[in-house]
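**Q** In the numbering used here, the protein residues as written are 1 to 249.
Even for Gly, the Cβ is constructed at its ideal location relative to N, Cα and C.
(1) Does the separation of the CB atoms of residue 222 and residue 131 fall below 8 Å?
(2) Looking at the structure shown, is residue 236 part of a helix, part of a strand, or coil, going by DSSP?
(3) Helix, strand or coil: how does DSSP classify residue 208 here?
(4) Looking at the unbroken alpha helix (DSSP H) that takes in residue 36, where does it start and where does it end?
(5) Is the CB-CB distance between residue 135 and residue 191 below 8 Å?
(6) Of the choices 248, 224, 169, 176, whose alpha-carbon is the least far from that of residue 214?
(7) In this structure, how does DSSP classify residue 104 when only helix, strand and coil are distinguished?
(8) Counting C-beta neighbours from all protein chains within 10 Å, is the total for residue 68 16 or more, i.e. buried, or is it exposed?
(9) Can you give me the Cβ contacts of residue 251 inside the same chain, cut-off strictly under 8 Å, excluding the 5 residues immediately before and after it?
(10) Count the other CB atoms within 10 Å of the CB of residue 44; is the residue buried (16 or more) or exposed (fewer)?
(11) With DSSP collapsed to three states, give me the class of residue 18.
(12) Please say whether residue 180 and residue 163 have beta carbons closer to each other than 8 Å?
(13) Determine the contact status of residue 79 and residue 187, defining contact as a CB-CB distance below 8 Å.
(14) Out of curiosity, what's the CA-to-CA distance linking residue 201 and residue 247?
(15) Rounded to whole angstroms, what is the Cα-Cα separation between residue 177 and residue 210?
(16) Do residue 70 and residue 6 have their beta-carbon atoms positioned less than 8 Å apart in this structure?
(17) If you drop the 5 nearest sequence neighbours on each side, which residues of the same chain put their C-beta closer than 7 Å to that of residue 153?
(18) With a CB to CB cut of under 6 Å and the five nearest residues on each side skipped, what residues in its chain are close to residue 236?
(19) Which of the three DSSP states, helix, strand or coil, is assigned to residue 5?
(20) What separation, rounded to the nearest whole angstrom, lies between the Cα atoms of residue 81 and residue 66?
(21) Measure from the alpha carbon of residue 111 to the alpha carbon of each residue in 37, 218, 233, then state which is nearest.
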């Protein structure tokens with residue numbers, strides 16, 4: 001087993017000023033801190049901004065990145081453009097980032113199908129996993145939600161309960177079939193990809209986690225933000241520990 005696996009973190013571009021070439025990149029240090037404290041060494045994998053044959057260069061860069069890392073973390077951020085699931089945008093769609101969407105779709109497919117890397121998707125990350133691998137997301141859950149999914153309390157505070165499917169990776173990580181998590185989203189997975197199953201839901205039926213049915217591979221997506229609650233919450237810590245353990249193999 002590897003002593004300290006290298007974890008690639010895909011993160012956000014603030015695309016508001018793209019037409020002025022003022023791209024600002026950011027990622028919360030809480031992602032990298034959680035990886036470090038769980039036994040991994042994080043590196044950031046930036047979204048490329050390439051003119052010309054963008055797909056070819058992005059694909060080449062994705063392959064290079066995946067040759068360097070032992071696992072991939074897809075972080076939170078903007079909405080995913082619904083064109084990737086053959087839908088038009090509804091009025092409630094939030095900010096989207098075309099560069100990041102294209103890049104993460106390529107990275108997801110290569111990491112999962114070709115390189116078979118352990119994957120952890122957080123918030124937007126679970127939605128990217130679902131769409132890239134053939135599932136779908138709700139563009140906005142306002143009409144079907146009866147639980148507050150965009151909490152007004154601090155990011156480090158827990159908000160609502162999730163109910164965890166027995167005999168899942170998540171169930172092995174949790175101490176109970178019912179856990180409480182934080183929540184900052186208005187989109188959610190609607191249909192999981194083939195080969196996956198939903199492993200946590202809220203009381204209003206919103207999917208909060210999904211994972212691969214093949215228990216020999218670690219591919220887990222969660223809708224909440226365990227990096228925000230990592231310092232004080234054992235459940236959050238165990239999620240990252242399980243991910244790092246899978247990356248050591």
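**A** Based on what the coordinates show:
(1) It is not a contact, given that the beta carbons lie outside the stated cut-off.
(2) If DSSP states are grouped into helix, strand and coil, residue 236 belongs with the helices.
(3) Strand, per DSSP.
(4) Segment 29–37, the alpha helix (DSSP H) holding residue 36.
(5) Yes, Cβ-Cβ distance for residue 135 and residue 191 is below 8 Å.
(6) The alpha carbon of residue 214 has as its nearest neighbour, out of 248, 224, 169, 176, the alpha carbon of 169.
(7) Note: residue 104 maps to helix in three-state DSSP.
(8) The residue in question, residue 68, is exposed, as its Cβ has fewer than 16 Cβ neighbours within 10 Å.
(9) With the chain covering 1 to 249 only, the question about residue 251 has no answer from this structure.
(10) The residue in question, residue 44, is exposed, as its Cβ has fewer than 16 Cβ neighbours within 10 Å.
(11) Reliability of the predicted coordinates at residue 18 is poor, the pLDDT of 48 falling under 50, and the value obtained from them is presented with this limitation in mind. Of the three classes helix, strand and coil, the one that applies to residue 18 here is helix, per DSSP.
(12) If you check the CB distance, residue 163 and residue 180 do not come in under 8 Å.
(13) One thing to note: residue 79 has its Cβ within 8 Å of the Cβ of residue 187.
(14) Spanning the two alpha carbons is a distance of roughly 26 Å.
(15) Taking the straight line from one Cα to the other gives about 15 Å.
(16) Cβ distance < 8 Å, so residue 6 and residue 70 count as in contact.
(17) Sequence-distant Cβ neighbours of residue 153 in its own chain, meaning closer than 7 Å and more than five residues away, are 159.
(18) For residue 236, where only same-chain residues beyond five positions count, the Cβ hits under 6 Å are 226, 229, 230.
(19) Per DSSP, reduced to three states, the secondary structure at residue 5 is coil, with no helix or strand assignment.
(20) If you take the alpha carbons of residue 81 and residue 66, they lie about 24 Å apart.
(21) Closest option to residue 111, Cα to Cα, is 218.
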